[in-house]
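Shown next, in structure tokens, is the structure this report addresses.
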Amino acid sequence: MKRPMRTARLPNVTGLETDQDNGVNMKIAISSGKGGTGKTFIATNLSALLSEEGHAVTYLDCDVEEPNGHLFLKPEIDRIEPMTVRAPLHIDLDKCIGCRKCANACHYNAIAMIKEKPLLFHELCHACGACAIVCPVGAVIEGDKEIGELRHGKSGGIDFHYGLLKTAVGGMSPRLISGLKRSAGPEITILDSPPGTACSAVETVKGADLCLLVADPTPFAINDLKLSVNMCRQIGQEPAVVVNRAGLDDTDLKEYCKKARLEVVGEIPDDRHIAEVYSVGDIVIEELPEYRKHFKNLHDRALALAREKRVVQKELIEPLFHPGGQVSRAKPPNPTAHRPEEIVIISGKGGTGKTSLAACFAQLASGSVVSDCDVDAADLHLVLNPRIEDEGDFVGGVSVEIDQDKCTGCGKCKEECRFSAIELTDDARYIVDATACEGCGVCEIVCPHDAVNSEDAVNGKWFVSTTRFGPMSHAILGHAEENSGRLVTLVRDLAFDLSVELKDAAVDAAGVSQGERVQIDGSPGTGCPVIASVSGARYAVIVTEPTVAGLHDLERILDLTRHFRVQSGVIVNKADLNQDMTEQIGALAEKAGATLLGAIPYDKKFTQAQIQRKTLLEYGDTETGETVKLIFDRIMDDIARRGNP
Numbered sequence: 003m004k005r006p007m008r009t010a011r012l013p014n015v016t017g018l019e020t021d022q023d024n025g026v027n028m029k030i031a032i033s034s035g036k037g038g039t040g041k042t043f044i045a046t047n048l049s050a051l052l053s054e055e056g057h058a059v060t061y062l063d064c065d066v067e068e069p070n071g072h073l074f075l076k077p078e079i080d081r082i083e084p085m086t087v088r089a090p091l092h093i094d095l096d097k098c099i100g101c102r103k104c105a106n107a108c109h110y111n112a113i114a115m116i117k118e119k120p121l122l123f124h125e126l127c128h129a130c131g132a133c134a135i136v137c138p139v140g141a142v143i144e145g146d147k148e149i150g151e152l153r154h155g156k157s158g159g160i161d162f163h164y165g166l167l168k169t170a171v172g173g174m175s176p177r178l179i180s181g182l183k184r185s186a187g188p189e190i191t192i193l194d195s196p197p198g199t200a201c202s203a204v205e206t207v208k209g210a211d212l213c214l215l216v217a218d219p220t221p222f223a224i225n226d227l228k229l230s231v232n233m234c235r236q237i238g239q240e241p242a243v244v245v246n247r248a249g250l251d252d253t254d255l256k257e258y259c260k261k262a263r264l265e266v267v268g269e270i271p272d273d274r275h276i277a278e279v280y281s282v283g284d285i286v287i288e289e290l291p292e293y294r295k296h297f298k299n300l301h302d303r304a305l306a307l308a309r310e311k312r313v314v315q316k317e318l319i320e321p322l323f324h325p326g327g328q329v330s331r332a333k334p335p336n337p338t339a340h341r342p343e344e345i346v347i348i349s350g351k352g353g354t355g356k357t358s359l360a361a362c363f364a365q366l367a368s369g370s371v372v373s374d375c376d377v378d379a380a381d382l383h384l385v386l387n388p389r390i391e392d393e394g395d396f397v398g399g400v401s402v403e404i405d406q407d408k409c410t411g412c413g414k415c416k417e418e419c420r421f422s423a424i425e426l427t428d429d430a431r432y433i434v435d436a437t438a439c440e441g442c443g444v445c446e447i448v449c450p451h452d453a454v455n456s457e458d459a460v461n462g463k464w465f466v467s468t469t470r471f472g473p474m475s476h477a478i479l480g481h482a483e484e485n486s487g488r489l490v491t492l493v494r495d496l497a498f499d500l501s502v503e504l505k506d507a508a509v510d511a512a513g514v515s516q517g518e519r520v521q522i523d524g525s526p527g528t529g530c531p532v533i534a535s536v537s538g539a540r541y542a543v544i545v546t547e548p549t550v551a552g553l554h555d556l557e558r559i560l561d562l563t564r565h566f567r568v569q570s571g572v573i574v575n576k577a578d579l580n581q582d583m584t585e586q587i588g589a590l591a592e593k594a595g596a597t598l599l600g601a602i603p604y605d606k607k608f609t610q611a612q613i614q615r616k617t618l619l620e621y622g623d624t625e626t627g628e629t630v631k632l633i634f635d636r637i638m639d640d641i642a643r644r645g646n647p
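Numbering of the sequence shown is given in my numbering, commencing with residue 3 and proceeding in unit increments.
As structure tokens, this is what we get:
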């Protein structure tokens with residue numbers, strides 16, 4: 003069937019309007035601090051059950067970097083809507099006078115001056131318009147830039163809509179999500195949120211009547227749950243918790259929920275049969291009917307909470323860090339600069355075992371620099387237990403406030419803001435919505451009355467540490483903060499500095515000094531932080547699992563590594579869950595020019611080691627551990643065999 007297409011430029015779209023009092027237009031966001039906890043599993047099964055019971059259900063898959071809901075609910079798509087924003091397309095060098103104003107105005111490092119000429123990095127551009135505004139000669143040429151598409155259809159009685167972010171388009175996830183949220187339904191809308199705590203998760207969750215946070219009883223998930231709870235409370239949401247994989251030692255998880263006054267609205271048992279059903283893209287309540295009662299209990303309590311007016315426990319927000327120390331910013335890209343041999347470990351989706359393998363590889367390459375670039379859900383420190391040697395504040399943009407005494411109400415700031423961050427109140431005052439503001443500074447540039455005050459925004463904290471396996475750079479992104487990509491760049495820069503200090507270290511079998519090699523634990527997904535992790539790296543290790551979601555997300559991340567011309571290899575974790583899917587992954591890797599590095603069986607010892615804050619190799623001699631060692635050797639061999647790209 004031919005699908006009608008129309009292009010839509012995204013207007014200024016803010017959060018969903020709600021109507022809790024009459025029980026209509028109910029929005030339930032389902033999110034998680036990290037991927038792989040079962041967020042989409044909960045969202046799809048809950049939607050299916052609600053629809054069966056006669057509710058008018060709308061499913062919005064807001065995880066636009068790696069949407070997976072359609073793999074399970076299998077909608078028939080009848081309309082595709084390309085989405086565009088106004089953005090700089092190129093810089094006319096014949097007009098350019100080299101004044102540097104465009105580069106100085108850009109808070110995203112998307113313009114660098116190379117030999118006194120501006121170079122535009124499209125992948126880093128957030129399309130704020132600052133460069134075009136400040137250019138005195140009109141050399142910045144803007145136009146419509148396609149950032150992705152919205153797909154609309156039906157899955158039985160469920161209205162289904164999802165967004166698909168274009169490959170290597172940074173900073174556009176919140177805008178695509180804003181466009182998607184216009185499709186919210188008249189009764190119950192389920193919003194499948196991106197994982198983490200950065201801008202795309204904030205855009206999804208804000209305005210919902212209830213946010214359910216899915217967590218499992220592992221140290222990584224508990225740590226990331228804490229971050230998500232703080233994010234929700236920071237933006238005025240009081241979340242509730244769904245425990246997936248219940249049956250593992252959940253003492254720490256239950257203690258945290260009690261301390262944080264979080265209601266646990268449902269528990270789904272840890273059962274390999276669930277994982278097997280999930281791997282082929284089936285709905286668990288249909289294939290394993292014994293679990294219907296678990297989702298029925300969850301559904302009843304979630305609907306009740308969504309109708310309540312709940313107090314946000316803001317006094318329980320735990321500060322992630324205390325500002326202080328050296329203030330640092332990410333350096334602009336420099337394509338000609340020498341970099342160490344960076345091996346980045348990434349995954350199309352979270353929960354594939356990426357960080358557990360990164361910890362093992364850090365042990366096997368003991369003495370090399372380790373860098374945790376998964377900045378909005380950093381977990382590697384939970385295993386490596388770093389001792390902090392130096393730390394400082396990360397400044398990624400500006401925070402702004404409108405001086406009401408100076409403001410004349412001209413509306414220029416609101417007119418030029420492309421993030422819908424300027425609001426006009428009922429009493430005709432212009433104010434800044436801090437959760438929507440991306441710190442671009444355009445409002446300050448265009449204000450004719452100097453009524454916008456700005457100051458450096460501390461968006462996170464960076465650390466340089468030592469671990470039992472070597473030096474480490476890492477960071478924490480603040481609650482609901484933007485500029486995660488720039489923080490990743492800063493963490494990589496810190497790793498580079500550490501590698502320079504180790505340049506005289508021993509040389510390995512491949513002829514590379516330990517100091518010349520940096521191992522990066524990258525972010526999942528395909529957005530800003532992943533782009534910042536991958537671009538310029540020597541080699542990408544992609545960790546996936548044999549599920550329909552794993553196969554789908556692998557295809558997306560392989561597109562990204564090809565875009566940046568980064569050589570790659572693929573590891574299949576939990577490979578024995580679905581042998582047919584494992585073979586399909588191998589075929590996809592071969593077709594994409596990636597090396598199949600190996601397959602790791604489903605092994606609960608990874609989780610047990612994580613609970614003890616150990617790598618799998620430290621946990622004891624295991625057959626799986628030997629497989630991990632062989633895979634590490636294959637990575638080194640593959641890098642040596644391929645040579646420089």
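Built from N, CA and C at the ideal position, the CB exists for glycine as well.
Practice item. Indicate the three-state DSSP secondary structure (helix, strand or coil) for R644 in the structure shown. Key: What you label residue 644 is simply residue 642 of the sequence shown in a count that begins at 1. It is helical.
Point to revise | K351 beta carbon less than 7 angstroms from that of D555 | key: Residue numbering aside, residue 555 sits at position 553 when the sequence shown is read from its first letter. Residue numbering aside, residue 351 sits at position 349 when the sequence shown is read from its first letter. For D555 and K351, yes; Cβs fall inside 7 angstroms.
**Study point:** Buried/exposed call for V329, threshold 16 Cβ in 10 Å
**Key:** Reading the sequence shown from its first residue, position 327 is the one you call residue 329. Looking at its Cβ environment, which holds fewer than 16 other Cβ atoms inside 10 Å, V329 is exposed.
Check your understanding: Under a Cβ-count criterion, where at least 16 other Cβ atoms within 10 Å of its own Cβ denotes burial, should S368 be classed as buried or exposed?
Key -> For the purposes of this step, residue 368 is taken as residue 366 along the sequence shown, with counting starting at 1. Burial call: exposed.
Point to revise | Contact under 7 angstroms by Cβ, M115 with I149 | key: Against the sequence shown, residue 115 aligns to sequence position 113. Against the sequence shown, residue 149 aligns to sequence position 147. Against a cut-off of 7 angstroms, the Cβ pair of I149 and M115 comes out as no contact.
Review point. Secondary structure at G411, three-state DSSP: helix, strand or coil?
Key: Position 409 of the sequence shown, counted from the start, is the residue given in the question as residue 411. The DSSP-derived three-state label of G411 is coil.
Practice item. Consult DSSP for H383 and reduce its assignment to one of helix, strand or coil. Key: As a working mapping, residue 383 is identified with position 381 in the sequence shown. Here DSSP, grouped into helix, strand and coil, assigns H383 to helix.
Review point. How would you label G100, buried or exposed, when you count the other beta carbons within 10 angstroms and need 16 or more for buried?
Key: On the sequence shown, position 98 is the one that residue 100 refers to. Counting C-beta atoms within 10 angstroms of its own C-beta, G100 has fewer than 16 neighbours from the protein chains shown and is therefore classed as exposed.
Exercise for review: Measure the beta-carbon distance from G131 to V444 and round it to whole angstroms, keeping in mind my assumption that it falls under 8 angstroms.
Suggested key: Mapped onto the sequence shown, residue 131 falls at position 129. Mapped onto the sequence shown, residue 444 falls at position 442. So it is a contact: roughly 6 angstroms between Cβ atoms.
Check your understanding: So what's L193 in DSSP terms, helix, strand or just coil?
Key -> Taking the first residue of the sequence shown as position 1, residue 193 is located at position 191. The answer is strand: DSSP assigns L193 an E or B state.
Review point. I179 by DSSP, collapsed to three states: which one?
Key: Mapped onto the sequence shown, residue 179 falls at position 177. I179: helix per DSSP, three-state reduction.
**Study point:** Chain-order list of residues whose beta-carbon lies under 6 angstroms from that of A511 (same chain, five-residue window excluded)
**Key:** For the purposes of this step, residue 511 is taken as the residue at position 509 of the sequence shown. With a pLDDT of only 48 at A511, under the threshold of 50, the placement of this residue in the model should not be trusted, and no figure is reported.
Practice item. In the DSSP assignment, find the unbroken beta strand (DSSP E) run with K463 in it and report its ends. Key: For the purposes of this step, residue 463 is taken as residue 461 along the sequence shown, with counting starting at 1. K463 -> beta strand (DSSP E) spans V454 to T469.
Review point. Where do the N-terminal and C-terminal ends of the alpha helix (DSSP H) with S370 fall, by residue?
Key: Here residue 370 refers to the residue found at position 368 of the sequence shown. S370 -> no alpha helix (DSSP H), and no H or E assigned at all.
Review point. Should E440 and F471 be called a contact, given that it needs their Cβ atoms to be closer than 7 angstroms?
Key: In the sequence shown, the residue the question calls residue 440 occupies position 438. In the sequence shown, the residue the question calls residue 471 occupies position 469. No.
Check your understanding: Taking the Cβ atom as the reference point for each residue, do L500 and W464 lie within a distance shorter than 7 angstroms?
Key -> Here residue 500 refers to the residue found at position 498 when the sequence shown is read from its first residue. Here residue 464 refers to the residue found at position 462 when the sequence shown is read from its first residue. No. Outside cutoff.
**Study point:** Member of A601, S49, T169 and Q586 whose CA lies at the smallest distance from the CA of A577
**Key:** In the sequence shown, the residue the question calls residue 577 occupies position 575. Comparing alpha-carbon positions, the option among A601, S49, T169 and Q586 lying closest to A577 turns out to be A601.
Exercise for review: Go ahead and pull the three-state DSSP assignment for R431.
Suggested key: Locating residue 431 in the sequence shown gives position 429, where the first residue counts as 1. Here R431 carries a coil assignment [DSSP, helix/strand/coil].
**Study point:** CB of E418 within 7 angstroms of CB of V448, strictly
**Key:** Along the sequence shown, read from residue 1 onward, the residue named residue 418 stands at position 416. Along the sequence shown, read from residue 1 onward, the residue named residue 448 stands at position 446. Going by C-beta atoms, E418 is nearer than 7 angstroms to V448.
Point to revise | 8 angstroms contact criterion, which L166 and P69 should meet: CB distance rounded | key: Here residue 166 is taken as the residue at index 164 of the sequence shown, counted from 1. Here residue 69 is taken as the residue at index 67 of the sequence shown, counted from 1. Going by Cβ atoms, the distance from L166 to P69 rounds to 6 angstroms, so yes, they are a contact pair.
Check your understanding: What residues in its chain sit with their C-beta under 8 angstroms from that of R636, if we drop five residues either side in the sequence?
Key -> For the purposes of this step, residue 636 is taken as residue 634 along the sequence shown, with counting starting at 1. The residues are G571, T597, L599 and G600.
Review point. Alpha carbon to alpha carbon, how far is G25 from E310?
Key: Residue numbering aside, residue 25 sits at position 23 when the sequence shown is read from its first letter. Residue numbering aside, residue 310 sits at position 308 when the sequence shown is read from its first letter. Residue placement at G25 is poorly supported in this model, since its pLDDT is 47, which falls under 50; the coordinates still yield a value, given next. For G25 and E310, the distance between alpha carbons rounds to 10 angstroms.
Exercise for review: Compute the Euclidean distance between the alpha carbons of L504 and D639, then round it to the nearest angstrom.
Suggested key: Working through the sequence shown from its first residue, we reach residue 504 at position 502. Working through the sequence shown from its first residue, we reach residue 639 at position 637. Per the coordinates, the alpha-carbon of L504 lies some 23 angstroms from the alpha-carbon of D639.
Review point. In or out: C533 buried (at least 16 other Cβ within 10 Å) or exposed?
Key: On the sequence shown, position 531 is the one that residue 533 refers to. Sequence check: residue 533 is Ile here, not Cys. Buried is the call here.
Check your understanding: Per DSSP, T546 forms a beta bridge with which residues?
Key -> For the purposes of this step, residue 546 is identified with residue 544 of the sequence shown, where counting begins at 1. V574, per the DSSP bridge assignment.
Exercise for review: Go through its chain and collect everything with a Cβ distance to V314's Cβ below 8 angstroms, but skip five positions before and after it.
Suggested key: Translated into the one-based positions of the sequence shown, residue 314 becomes position 312. Short of 8 angstroms from the beta carbon of V314, and not among the five residues preceding or following it, lie these beta carbons of its own chain, in chain order: R235, G238, Q239 and E240.
Practice item. Taking V543 and I573 to be in contact with their CB atoms under 8 angstroms, please state how far apart those CB atoms are, rounded to whole angstroms. Key: Residue numbering aside, residue 543 sits at position 541 when the sequence shown is read from its first letter. Residue numbering aside, residue 573 sits at position 571 when the sequence shown is read from its first letter. Here V543 really is in contact with I573; their C-beta atoms are around 6 angstroms apart, less than 8 angstroms.
Exercise for review: Report yes if the C-beta distance between A361 and V397 is below 7 angstroms; otherwise report no.
Suggested key: Position 359 of the sequence shown, counted from the start, is the residue given in the question as residue 361. Position 395 of the sequence shown, counted from the start, is the residue given in the question as residue 397. Their beta carbons are not under 7 angstroms apart, which means A361 does not touch V397 by this criterion.
Exercise for review: Rounded to whole angstroms, what's the CA-CA distance from H565 to N246? Just pull it up for me.
Suggested key: Counting from one through the sequence shown, the residue named residue 565 turns up at place 563. Counting from one through the sequence shown, the residue named residue 246 turns up at place 244. Rounded to the nearest angstrom, the two C-alpha atoms are 36 angstroms apart.
Practice item. Note down, in chain order, each residue of its chain lying with its Cβ closer than 6 angstroms to the Cβ of V92, except the 5 sequence neighbours on either side. Key: Residue numbering aside, residue 92 sits at position 90 when the sequence shown is read from its first letter. One detail in the question is off: residue 92 reads as His in this sequence, not Val. Within the same chain, H92 has close Cβ partners I143.
Exercise for review: Mind checking who C213 pairs with in its DSSP beta bridge?
Suggested key: The sequence position of residue 213 within the sequence shown is 211, counting from 1. DSSP, once it has assigned bridges, lists A31 as partnering C213.
Practice item. Report yes or no: do three or more beta-carbon pairs, one from the segment 176 to 189 and one from the segment 61 to 75, lie closer than 8 angstroms? Key: yes
Check your understanding: Which word fits R274, buried or exposed, when buried means at least 16 other C-beta atoms lie within 10 angstroms of its C-beta?
Key -> Counted from its first residue, the sequence shown places residue 274 at position 272. Classification of R274: exposed, given that the 10 Å Cβ count is below 16.
Exercise for review: Please report the residue range of the beta strand (DSSP E) in which T42 lies.
Suggested key: Position 40 of the sequence shown, counted from the first residue, corresponds to residue 42. First-last for T42: K41 to E54, but that is the alpha helix (DSSP H), not the beta strand (DSSP E).
Exercise for review: Look up L479 in the DSSP assignment and say whether it is helix, strand or coil.
Suggested key: Start at 1 with the first residue of the sequence shown, and residue 479 comes out as number 477. Secondary structure at L479: strand, using DSSP grouped into helix, strand and coil.
Exercise for review: Determine the DSSP secondary structure at T563, reduced to helix, strand or coil.
Suggested key: Along the sequence shown, one-based indexing puts residue 563 at 561. In the structure shown, T563 sits in a helix (DSSP, three-state: H, G or I).
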